[in-house]
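The numbering of the sequence shown is UniProt numbering, which starts it at 667 and goes up by one. By construction, the Cβ of each residue, glycine as well, lies at the ideal position given by its N, Cα and C atoms.
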Amino acid sequence: KVSEYTLYDAIVKGLVEQSGIATKKLLEEQKAPLEVINQFIIPALNTVGEGFGKKTLFLPQLLMAADAAKAAFDEIKKQMQGTAAQNNTAASAEGNGSGADASSGDTIVLAVVKGDIHDIGKNIVKVLWENYGYHVVDLGKDVPAESVVEAVEKHHAKLVGLTALMTTTVAAMEDTIQALRRKTRTKILVGGAVMTQEYADTIGADGYAPDAVAAVDYANQLFK
Ligand code: B1M
């Protein structure tokens, strides 16, 4: 029966509808959105990724798992966007300066670098940043360095977030950082499964965040 699938299984098996239903159920049971992401969605994608790496799973299964993860995340997004609206109203009312002020909307440009289409992690970071009141200019995936520079200039963004998931696209991340350094004074935060603090230092980023919560911490420090 559809409802008997746990979220983890639904994603590993690439079952889109079941994934959405299982997520909804978990949220209704008061599981926090981030827990759902960290306890079910990411481990399931890691399992599928491992199988793909070992050639026990193939591209069609990877694609189906990604679709199932997207269905889960769509449910989470709905819930988080609702909470964001509440948080922002509360923050403005209190004027306590915690996180960003939704009305000032500090702007962050966010992109997955050229050649890379893995955008699930980037989308999680986006929702969380928005949840904290930041205005996120999301350039999407496979974004050329020039487009990132253009967006930073246009929006006078003090922070850019870049994601890369493949060893092959770290070079594009470095190119993007260099292009940004030539033309802007923005801070650059990098993340994505392939990234490490060491890599981030080597390619000249200002910061590295291993997960979306760390990305929020970085922005809060910068904009406080
Ligand atoms: Co592909 N893929 N994939 N893939 N995929 C990986 C990355 C891979 C490691 C799988 C493997 O071989 N084991 C491998 C890369 C190997 C390498 O590095 N050399 C790989 C490959 C090879 C490929 C293709 C080339 C396969 C092919 O076509 N033959 C192809 C690439 C196409 C391209 O990009 N040009 C491809 C395609 C795909 C799908 C389309 C099927 C799908 C992506 C769908 C989508 O994103 N819309 C997919 C998936 C799902 C994966 C795995 C299984 C899962 C990735 C993921 O979403 N993880 C992945 C294996 C793995 O990672 N275990 C794999 C969950 C996500 C939440 O994590 O993005 O790391 P992540 O985000 C985290 C943190 O990193 C951090 O916060 C997030 C939440 O905690 N974070 C940031 C992310 N961005 C941040 C930014 C920040 C701060 C923190 O500040 C700005």
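Please state the DSSP three-state secondary structure of residue i.
{"i": "Ile869", "result": "coil"}
{"i": "Gly680", "result": "coil"}
{"i": "Ala875", "result": "coil"}
{"i": "Leu723", "result": "coil"}
{"i": "Lys820", "result": "helix"}
{"i": "Ile687", "result": "helix"}
{"i": "Lys853", "result": "strand"}
Give me whichever residues DSSP pairs with residue i in a beta bridge.
{"i": "Ala777", "result": "Leu828"}
With distances taken from CA atoms, which of the options is nearest residue i?
{"i": "Gln696", "options": "Asp740, Ala735, Met746 and Phe718", "result": "Met746"}
{"i": "Leu846", "options": "Glu864, Lys820, Ala811 and Gly873", "result": "Ala811"}
{"i": "Leu825", "options": "Phe706, Phe889 and Lys744", "result": "Phe889"}
{"i": "Glu741", "options": "Asp877, Gly719, Pro726 and Ile707", "result": "Ile707"}
{"i": "residue 955", "options": "Asp872, Glu694, Thr852 and Ala878", "result": "The structure shown does not extend to residue 955, since the chain is modelled only from 667 to 890, so the question has no answer here."}
{"i": "His822", "options": "Val702, Asp841, Thr850 and Gly873", "result": "Thr850"}
{"i": "Glu819", "options": "Val803, Thr833 and Thr829", "result": "Val803"}
Using beta-carbon positions only, say whether residue i and residue j come within less than 7 angstroms of one another.
{"i": "Ile843", "j": "Ile854", "result": "yes"}
{"i": "Ala817", "j": "Val775", "result": "yes"}
{"i": "Gly680", "j": "Ala731", "result": "yes"}
{"i": "Ala881", "j": "Ala875", "result": "yes"}
{"i": "Tyr671", "j": "Gln684", "result": "yes"}
{"i": "Ile783", "j": "Asp808", "result": "yes"}
{"i": "Val702", "j": "Leu711", "result": "no"}
From which residue to which residue does the beta strand (DSSP E) around residue i run?
{"i": "residue 892", "result": "Because the chain spans 667 through 890 in this model, residue 892 falls outside it and cannot be assessed."}
How would you write the range of the alpha helix (DSSP H) that residue i sits in, first residue to last?
{"i": "Val860", "result": "Val860 -> no alpha helix (DSSP H), and no H or E assigned at all."}
{"i": "Lys807", "result": "Unbroken run through Lys807: none, as it is neither H nor E."}
{"i": "Ile703", "result": "That residue, Ile703, is in no alpha helix (DSSP H); it is neither H nor E in DSSP."}
{"i": "Glu796", "result": "Ile786 to Asn797"}
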